[in-house]
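Per UniProt numbering: the sequence shown = residues 1 to 144.
The C-beta atom is built at its ideal place from N, Cα and C for all residues, glycine as well.
Here's the structure we're looking at; comments come further down.
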Amino acid sequence: HCSRNMLVLEGSEQCMVFTGTLKHGTSDSKYILNGNKIFEWVRGAACSGWLLKWPMQSQKFGRRMRRFFVLRDHILSYHVTRPADEEEVYSNYSLSSLHITDNTTVEVGRYMFLRSMVITTPLDKLWIRMQNGSADEMKWIAGI
1 HCSRNMLVLE
11 GSEQCMVFTG
21 TLKHGTSDSK
31 YILNGNKIFE
41 WVRGAACSGW
51 LLKWPMQSQK
61 FGRRMRRFFV
71 LRDHILSYHV
81 TRPADEEEVY
91 SNYSLSSLHI
101 TDNTTVEVGR
111 YMFLRSMVIT
121 TPLDKLWIRM
131 QNGSADEMKW
141 IAGI
């Protein structure tokens, strides 16, 4: 890929990036060029933080609970406490998780008369309390 003063060569194992001054570097990540900017595609947590959730549709009734959510790759998991490391994110330590697929929808709606983000997967539905138009809300919607 080529853009103004950058050249990206993609191999099967690595990418090489050359600048207009012929400085270069290699990486195992994928690079995306957009105009005169380069972005590194890194698999990892798109979002993490404390949110208020209601019970999932499959859990029936209950009260709002404060949980630490992690969106990583295609899995949205939530925990009672903040995971100490990457292993804890993928372990059975999480209370529950949703697998994000192409059929997953994210909508802003109301649950119990309060503004909520509604995440619907083929297997379940999750309601998360959101503030009206907050930056946090936009970050999560874009991430999912």
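With contacts defined as CB atoms closer than 8 angstroms, Ile144 and Thr104 qualify as a contacting pair. If you compare the alpha carbons of Leu9, Tyr111 and Ser48 with that of Ile75, the shortest gap goes to Ser48. By the neighbour-count definition (other C-beta atoms within 10 Å, threshold 16), Phe69 is a buried residue. Here DSSP, grouped into helix, strand and coil, assigns Met16 to strand. Taken through DSSP and simplified to helix, strand or coil, Gly143 comes out as helix. Per DSSP, the beta-bridge partners of Gly49 are Phe69. Shown here, Met112 sits in coil according to DSSP, grouped into three states, outside any helix or strand. By alpha-carbon distance to Asp73, the top candidate from Trp54, Leu114 and Ser97 is Ser97. Where Trp127 is concerned, the enclosing beta strand (DSSP E) starts and stops at Lys125 to Arg129. Looking from the CA of Leu52, the closest CA among Met130, Lys139 and Asp136 belongs to Met130. Within 10 angstroms of the beta-carbon of His79 lie 16 or more other beta-carbons, which makes it buried. A straight line joining the alpha-carbon of Trp50 with that of Met138 spans about 15 angstroms. Met112 is classed as exposed because its beta carbon has fewer than 16 other beta carbons within 10 Å across all chains shown.
Contact between Trp54 and Arg66 does not hold, since their C-beta atoms are separated by about 12 angstroms, which reaches or exceeds 8 angstroms. Burial of Leu126 is indicated by the presence of at least 16 other C-beta atoms within 10 angstroms of its C-beta.
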